[in-house]
Structure formats: structure tokens, C-alpha cells
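Please read the structure below before turning to the comments.
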Amino acid sequence: MIDWLPDDDDGSLPFPPLERALGPDSEAPGLLCAGGRLTIARLRQAYRRGIFPWYSRGEPILWWCTAPRMVLKTADFRLHRSLRKTIRRFGATPGCEIRIDSAFDRVIAHCAGVLREGQAGTWIVPELMRAYRQWHAAGEVHSFETWIDGELVGGLYGVAIGRMFFGESMFSHRSDASKIALAALVAFCRREGIDWIDCQQQTRHLASMGAAPVAREAFSAHLDRVTGLPSPRRWTYDADLWRQLSLHGDQDAETDPPTTRPPEPPA
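327 is the number that our numbering gives the last residue of the sequence shown; the numbers go up by one with no jumps.
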């Protein structure tokens, strides 16, 4: 059995202890509780503890705390040779640019429309979209966007609390457009002292770019250290940020590391 949050939830009630999340042998590993409302206060409380909402249309709000947690440590970001060349070409081509928060509504709408392997529909339901748009207006949800000749061709969005970034979802309408946005996020995080990007659950794609599982206890301890720190003041992207990446380096990883793959994650 899992706990239920009241329908009139205002975000003041605490979440159940993380240890009560369903275990790996259950039908829903990581499920902690259900119900409540998607208020900014409730969402902020959830993310500070490593909890996130993930559910489909027609279901109650389901709150998850997966273990282990997939994390991309920005120092471990793996820039493959092909992507390194793509980014160099992108940065040198007029009309190609990275923007932050210039088209958030369009980014989350595109993410909601992506067909994902093993999923019949989207988890980015209208109620969740409204909540994250409000949270974006409050300044804690951000989009990283890949633009070519004035066209939005890829991007991602996520939650930023203190010196922690929680990745949510990404989309790509051109080859490597979402990977370019992810690389831009890593470069931004390196400059701003954000060492970890939460990826929520394990996928082969994220593992190939350097993400790795982290135990729940270590993840919670990291959140305790960094979510209370001051958040970055300036959410803009300039070409100099590419210097945070080794765009002219020689070390390349051309094969994906082995990884187990659970059900498709929400990010």
C-alpha cells in the first residue's frame, strides 16, 4: 500500500519517508505516494527531496523516488567524436544558436508530442504542462533550446533549485538537436558550479553520454548540500560557454557502456 495525499493539498504536508517507496521487486519500483495537487509549493518540496510526478492521462498524480538514481555528473559528460564535430560546426555556422527560456511553452509542448519507445502516450499531460509553465514563470523551470535559422529544432527543459538541475524531457526535430542542447546545459552547469544533473531513471542513451546510477542515500545527501545554495542569477547562453567543453580534445568514447534498462523513464 502507498500513502495518498489529500485532494485539498496545499504543499504543507510532508511526503512519506523515501524508504517507503516501492522496491525493485514490485510492479512499480520507486512509487512513493499518490494524490494531491501540482502546486509550486508541492513540486518544490518534492524536488528538494528527490521526488517527481509521473503519471498518464486518467491516472491520479503519482509521485516517484527511483533508486538507484540516474545522474549525469557534469565532470563525467562524455562528448563523442561525432557530437564534438557537430557542435564545432554548429558554433561556427551563422544562424545556429543556443537560447535559454526564449520558447519554453513550445519546448514543453514538443516534448509532450514525442513518441517514446514502450509508451502508448505521453506522461506530460495537460495538468502537468500547466503546472510547469507556472513554475517556469516563477523562475525555477528552464528550457535549453537549439535554434537553426530562426527555427526551434530541438531542446530540453528541467527544474533548477539551488545548484541542482533536474532534467525532465527533451525533443529533437533534426539530427543531434537535443544532444546539442544537452551539451549546452552541461557547459552552463560547469560555469555555474552545478555538478549534478538528475536524469531520474536509467537509459542506454544517457549512459552513453556519461550518466551513471547513484544510490538513493548519496543522491539525497547531495540534494541536502546543494538545493539550499543560491541559484544562478543569469540564465542566458553565449558562445564562450562552449569553452567549458573539450571541443578540440582527443579523448573519444565510441561505444556505449553496458547498462540495464528499466521501463522508459520520464526524462
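Here a beta-carbon is modelled for each residue, glycine too, at the ideal position from N, C-alpha and C.
Beta-carbon proximity of residue i to residue j, cut-off 8 Å
i	j	result
Glu252	Pro290	no
Leu103	Gly90	no
Phe164	Ile240	no
Arg174	Arg117	Residue identity check: residue 174 is Val in the sequence provided, not Arg. Not in contact: Val174 and Arg117 (Cβ atoms no closer than 8 Å).
Trp123	Ala94	yes
Ile100	Pro113	no
Leu78	Arg109	yes
Other residues of its chain near residue i: CB distance less than 7 Å, five sequence neighbours each side excluded
i	result
Leu307	Arg144, Ile147 and Arg148
Tyr192	Ile168 and Val201
Leu266	Met130, Leu132 and Cys259
Met189	Ile168 and Ala172
For residue i: DSSP bridge partner residues
i	result
Val167	None, per the DSSP bridge assignment.
Tyr217	Ser203 and Ser229
Asp63	Cys93
Ile208	Cys156 and Glu211
Same chain, Cβ closer than 8 Å to residue i, neighbours up to 5 away in sequence not counted
i	result
Gly181	For Gly181, the predicted structure reports a pLDDT of 49, less than 50, and the residue's modelled location is therefore unreliable. A value from the coordinates is still provided. Correct list, in chain order: Ser116 and Arg117.
Cut-off 6 Å between Cβ atoms - residues of its own chain near residue i, not counting five sequence neighbours on either side
i	result
Met230	Leu216 and Ser238
Leu245	Phe204
CB contact check: residue i to chain C, cutoff 8 Å
i	result
Arg129	Going by chain labels, chain C is absent from the structure shown, which holds only one protein chain.
Requested in this report: Count the CB pairs spanning the segment 152 to 172 and the segment 196 to 207 that are closer than 8 Å, and state whether there are at least three.
Outcome: yes
**Report entry** Length at least 3, wholly inside the segment 224 to 297: the beta strand (DSSP E) runs in chain order
**Finding:** 224 to 232, 256 to 260 and 272 to 274
Requested in this report: Would you mind listing the beta strand (DSSP E) stretches within the segment 91 to 151 that are 3+ residues and don't spill past its ends, in chain order?
Outcome: 91 to 95, 122 to 124 and 129 to 133
Query raised in the report: Do three or more CB pairs link the segment 217 to 228 to the segment 248 to 262 at distances below 8 Å?
Result: yes
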